[in-house]
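Notes follow the structure.
Protein chains: 2
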Amino acid sequence: MQKNEAVSVSVVKRLPRYYRFLGELLGSGVTRISSRELSERMGLTASQIRQDLNHFGGFGQQGYGYHVEALYSEIGNILGLNHGYKTILVGVGNLGRAIATHISFETKGCRLIGLFDSNPHIIGEMVNDIIISDVRDLERFCREEQPVIAVLCIPKQATRDITQKLIDCGVRAFWNFSHYDIALGHPNVVVENVHLGDSLMTLTYGVKNNLRQTP
Amino acid sequence: MQKNEAVSVSVVKRLPRYYRFLGELLGSGVTRISSRELSERMGLTASQIRQDLNHFGGFGQQGYGYHVEALYSEIGNILGLNHGYKTILVGVGNLGRAIATHISFETKGCRLIGLFDSNPHIIGEMVNDIIISDVRDLERFCREEQPVIAVLCIPKQATRDITQKLIDCGVRAFWNFSHYDIALGHPNVVVENVHLGDSLMTLTYGVKNNLRQTP
DNA sequence: AATTTATTGATAATTAATTGACAATCCGCA
DNA sequence: TGCGGATTGTCAATTAATTATCAATAAATT
Numbered sequence: 102m103q104k105n106e107a108v109s110v111s112v113v114k115r116l117p118r119y120y121r122f123l124g125e126l127l128g129s130g131v132t133r134i135s136s137r138e139l140s141e142r143m144g145l146t147a148s149q150i151r152q153d154l155n156h157f158g159g160f161g162q163q164g165y166g167y168h169v170e171a172l173y174s175e176i177g178n179i180l181g182l183n184h185g186y187k188t189i190l191v192g193v194g195n196l197g198r199a200i201a202t203h204i205s206f207e208t209k210g211c212r213l214i215g216l217f218d219s220n221p222h223i224i225g226e227m228v229n230d231i232i233i234s235d236v237r238d239l240e241r242f243c244r245e246e247q248p249v250i251a252v253l254c255i256p257k258q259a260t261r262d263i264t265q266k267l268i269d270c271g272v273r274a275f276w277n278f279s280h281y282d283i284a285l286g287h288p289n290v291v292v293e294n295v296h297l298g299d300s301l302m303t304l305t306y307g308v309k310n311n312l313r314q315t316p
Numbered sequence: 102m103q104k105n106e107a108v109s110v111s112v113v114k115r116l117p118r119y120y121r122f123l124g125e126l127l128g129s130g131v132t133r134i135s136s137r138e139l140s141e142r143m144g145l146t147a148s149q150i151r152q153d154l155n156h157f158g159g160f161g162q163q164g165y166g167y168h169v170e171a172l173y174s175e176i177g178n179i180l181g182l183n184h185g186y187k188t189i190l191v192g193v194g195n196l197g198r199a200i201a202t203h204i205s206f207e208t209k210g211c212r213l214i215g216l217f218d219s220n221p222h223i224i225g226e227m228v229n230d231i232i233i234s235d236v237r238d239l240e241r242f243c244r245e246e247q248p249v250i251a252v253l254c255i256p257k258q259a260t261r262d263i264t265q266k267l268i269d270c271g272v273r274a275f276w277n278f279s280h281y282d283i284a285l286g287h288p289n290v291v292v293e294n295v296h297l298g299d300s301l302m303t304l305t306y307g308v309k310n311n312l313r314q315t316p
């Protein structure tokens with residue numbers, strides 16, 4: 102790491118996308134790439150790519166470009182994808198179930214170790230090799246297993262309470278799909294709010310106004 | 102609408118969040134609110150809220166603030182939530198099914214009118230009152246029904262082809278959940294890429310570096 | 001009705017993000 | 001081994017986004 106100023110959110114949000122594109126290049130046998138060529142593929146400027154990467158270190162070489170495999174692995178490390186953070190998911194409804202089965206937690210630095218719901222009809226069921234536990238066991242489980250990340254796929258009304266409970270048990274990060282912004286009041290916690298509804302409304306605005314969105 | 106300069110993406114992306122908060126206020130019986138109070142609830146500056154809203158019109162009144170119901174409805178109109186754009190969903194796997202059942206399309210300006218998949222085991226099944234059709238009927242359906250928006254919950258490899266097909270049939274907007282960036286090459290199309298994997302990696306980065314993310 | 005208070009809308013100032021430019025330097029080749 | 005072409009890393013310039021300020025004005029109060 103080169104500079105120790107805080108890296109801006111805008112830069113961090115682009116890292117996964119770099120990682121994804123580099124992964125594809127790697128898969129198709131490309132071993133080196135210049136910032137210019139990558140910029141064309143990704144729809145960015147070459148300058149931005151070089152600027153972004155140099156927040157973390159000088160990974161390229163003049164006259165050559167970037168070694169795809171090395172850069173891919175560097176970005177993976179920067180993102181922390183090798184950590185396997187213990188992760189639980191609360192709320193195994195339609196969406197929770199889909200997240201549990203569809204997302205590759207392992208390749209994103211997470212390890213899914215527990216599923217929780219309040220619905221007695223599904224407690225005990227297996228989803229993706231993990232048994233659905235009663236949400237009443239949530240706190241005991243957390244004190245024993247000390248998960249770091251919680252995925253919340255629960256109704257809006259339940260979110261505040263569950264969040265507070267989990268924080269009290271030591272959970273430090275939330276991937277929140279509920280219609281509620283986890284935010285203020287919980288300063289020492291990492292939150293990524295995924296508001297699918299907001300995303301769809303943005304699309305609707307785009308349709309109405311004939312715009313193109315940026316990724 | 103006051104100014105006719107293009108409104109920036111940053112502003113548009115905040116509109117759904119305003120809409121959500123105003124909806125909650127409305128639900129809890131609040132009839133008026135000042136930019137300052139709303140800013141405190143939302144974790145923004147009052148200045149930003151006033152600035153954002155004034156891109157679309159002067160909805161407030163000096164010495165009073167904003168009438169919650171009126172502003173809620175204004176933002177709904179700005180977003181186009183009353184249009185009921187015809188929408189189809191392609192790929193009724195775990196995630197597609199969850200989206201189809203979990204998202205309230207109606208309240209986001211969309212009307213879900215078709216589900217498509219290639220898996221013969223699920224074709225014919227009903228999901229949320231809509232029958233799953235064979236993806237081979239996709240083009241005929243689109244020429245007949247002229248959907249405007251397509252939700253894509255399909256594998257990466259299939260995305261490019263399906264997208265092109267749909268564009269050829271007149272689909273103008275994509276809500277894309279596949280691991281692929283619909284973007285370049287399709288300039289006259291509105292795209293909202295939802296990369297859940299990217300979002301989780303961003304969270305992992307936050308955990309590793311003990312950051313707080315912004316919404 | 002006049003006065004005070006609150007709060008907007010608009011503009012200016014500031015800060016942040018992106019893009020451009022170029023010297024430094026590394027690769028590839030003769 | 002030295003030379004030419006390519007491409008980085010860095011810094012400066014530019015553009016975009018956010019925040020602060022304040023006159024204008026409407027509501028509330030006296």
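One line per chain: the protein sequences are E and V, in this order.
Using our numbering, read the first sequence as starting at 102 and increasing by one per residue.
Using our numbering, read the second sequence as starting at 102 and increasing by one per residue.
From the three backbone atoms N, C-alpha and C, an ideal C-beta is built for every residue, glycine too.
No Cβ of chain E is located within less than 8 Å of the beta carbon of V/L216. In this structure V/Y167 is in contact with V/G161, their Cβ atoms being roughly 5 Å apart against a cut-off of 8 Å. Boundaries for V/L172: no beta strand (DSSP E) harbours it, while the alpha helix (DSSP H) harbouring it runs 169-180, taken from the DSSP string.
Taking a Cβ-Cβ threshold of 8 Å, the residues of chain E close to V/M302 are L116, P117, Y120, L180, L182, K209, G210, in chain order. Taking CB atoms only, E/D230 has no neighbour in chain V less than 8 Å away.
When the Cα atoms are used, E/I231 and V/G194 turn out to be separated by approximately 19 Å. Taking a beta-carbon distance threshold of 8 Å, E/K309 counts as an interface residue toward chain V. Setting aside the 5 residues that flank it on each side, V/C270 is surrounded in the same chain by E240, C243, R244, each with a C-beta closer than 7 Å to its C-beta; the list follows chain order. The Cβ of V/V272 sits no closer than 8 Å to any Cβ of chain E. E/G197 is the residue among E/T202, E/I204, E/G197 whose C-alpha sits nearest the C-alpha of V/I204.
Taking a beta-carbon distance threshold of 8 Å, V/V191 does not count as an interface residue toward chain E. In the same chain as E/L126, and ignoring 5 residues on each side of it, the C-beta atoms closer than 7 Å to its own belong to I134, V169, in chain order.
Cβ proximity to chain E below 7 Å picks out G144 from the stretch 140-174 of chain V. Bounds of any beta strand (DSSP E) do not take in E/L123; it lies within the alpha helix (DSSP H) bounded by 110-128. DSSP places E/E138 in the uninterrupted alpha helix (DSSP H) bounded by 136-143.
Judged by DSSP secondary structure, V/C243 falls within the alpha helix (DSSP H) whose first and last residues are 239-246. Within the stretch 201-243 of chain E, the runs of beta strand (DSSP E) that reach at least 3 residues and sit entirely inside it are, in chain order, 211-218, 231-235. Per the coordinates, the alpha-carbon of E/Y119 lies some 15 Å from the alpha-carbon of V/A284.
In this structure E/K257 is in contact with E/S279, their Cβ atoms being roughly 6 Å apart against a cut-off of 8 Å.
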